[in-house]
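Engineer: Here it is, the structure, as structure tokens.
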Amino acid sequence: DVKVTQSSRYLVKRTGEKVFLECVQDMDHENMFWYRQDPGLGLRLIYFSYDVKMKEKGDIPEGYSVSREKKERFSLILESASTNQTSMYLCASRGSGGASTDTQYFGPGTRLTVL
Amino acid sequence: AQKITQTQPGMFVQEKEAVTLDCTYDTSDPSYGLFWYKQPSSGEMIFLIYQGSYDQQNATEGRYSLNFQKARKSANLVISASQLGDSAMYFCAMREMIQGAQKLVFGQGTRLTINP
Numbered sequence: 001d002v003k004v005t006q007s008s009r010y011l012v013k014r015t016g017e018k019v020f021l022e023c024v025q026d027m028d029h030e031n032m033f034w035y036r037q038d039p040g041l042g043l044r045l046i047y048f049s050y051d052v053k054m055k056e057k058g059d060i061p062e063g064y065s066v067s068r069e070k071k072e073r074f075s076l077i078l079e080s081a082s083t084n085q086t087s088m089y090l091c092a093s094r095g096s097g098g099a100s101t102d103t104q105y106f107g108p109g110t111r112l113t114v115l
Numbered sequence: 001a002q003k004i005t006q007t008q009p010g011m012f013v014q015e016k017e018a019v020t021l022d023c024t025y026d027t028s029d030p031s032y033g034l035f036w037y038k039q040p041s042s043g044e045m046i047f048l049i050y051q052g053s054y055d056q057q058n059a060t061e062g063r064y065s066l067n068f069q070k071a072r073k074s075a076n077l078v079i080s081a082s083q084l085g086d087s088a089m090y091f092c093a094m095r096e097m098i099q100g101a102q103k104l105v106f107g108q109g110t111r112l113t114i115n116p
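Here it is, written out as structure tokens:
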């Protein structure tokens, strides 16, 4: 079974702090994704990576950056946390075997509160 | 423009009844895929079922089936014989290509509550 883990289930930070959210997958997947989930808006893509050291902006990258130094690990960084970044953050990974049915596998999520 | 629309913010169903969750989509790409995910209160997204745009038959996975109507651009999820454990958020998503990589676009979600 694919396993995607996230470093924290719950996190409380103060405005202006630098925040690191870590995601690790154990299936040797090339593609990794960071989403945020807000009520009524569904999941929105922040950044994704299709290979080590490669990253692409998603739909809402402002205020975020990412790092992928190793294939299994994809980090989301909030350089200076703000209250509007209070949200649920979900990490996902996906192989690139080319099958159209290849789905994304998600971690348990990190609920971040910025005070 | 909204690419995936789920018009039911919440649904309440009696246990053992069938339930249909609506999903409409918008794309000009002739090749696309549609996914349904379940998100229990624990937060993890669980993949349920997939339908490809060229698939001739509607997808089925156990109690889950997908009512795919291509001309109407709808991909409704049908859950037969609902159970209390089916209570969760349900998301419809569409695969699209961006910069050579596949990504998923999600709808707003439907919160399903199964009553005993």
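The listed protein sequences derive, respectively, from chains A and B.
Each residue of the first sequence is one higher than the one before, counting from 1 in this note's numbering.
Each residue of the second sequence is one higher than the one before, counting from 1 in this note's numbering.
Every residue, glycine too, gets a C-beta built ideally from N, C-alpha and C.
(1) Residues of chain A with a CB under 7 Å from the CB of Leu104 (chain B): which are they?
(2) In three-state terms, what does DSSP make of Leu41 (chain A)?
(3) By how many angstroms is the C-alpha of Phe12 (chain B) removed from the C-alpha of Leu112 (chain B)?
(4) Which residues mark the beginning and the end of the beta strand (DSSP E) in which Asn58 (chain B) is found?
(5) Following a CB-centred definition, is Phe106 (chain B) positioned closer than 6 Å to any heavy atom of the ligand MN?
(6) Comparing alpha-carbon positions, which option in B:Leu77, B:Asn58 and B:Ala18 lies nearest Leu84 (chain B)?
(7) My understanding is that Phe48 (chain A) touches Lys103 (chain B), with C-beta atoms under 8 Å, so please give their C-beta distance in whole angstroms.
(8) Who does Arg14 (chain A) pair with in a DSSP beta bridge?
(9) Would the segment 79 to 93 of chain A and the segment 76 to 92 of chain B be scored as touching if the rule is three or more Cβ pairs under 8 Å?
(10) Which residue marks the beginning of the beta strand (DSSP E) containing Ser67 (chain A), and which one marks its end?
(11) Pull the bridge partners of Thr5 (chain A) from the DSSP assignment, please.
(12) With a CB to CB cut of under 7 Å and the five nearest residues on each side skipped, what residues in its chain are close to Phe106 (chain B)?
(13) Grouping DSSP H, G and I as helix and E and B as strand, with all else coil, what is Leu115 (chain A)?
(14) Give the DSSP-derived three-state secondary structure of Thr86 (chain A) in the structure shown.
Structural biologist: Let's see:
(1) Gln104
(2) coil
(3) 6 Å
(4) From DSSP, Asn58 (chain B) is part of no beta strand (DSSP E); its letter is neither H nor E.
(5) Judged by which ligands are present, the structure shown has none, so any question about the ligand MN falls away.
(6) B:Ala18
(7) 6 Å
(8) According to DSSP, Arg14 (chain A) bridges with nothing at all.
(9) no
(10) Ser65 to Lys70
(11) A:Val24
(12) Ile4, Phe91 and Ala93
(13) coil
(14) coil
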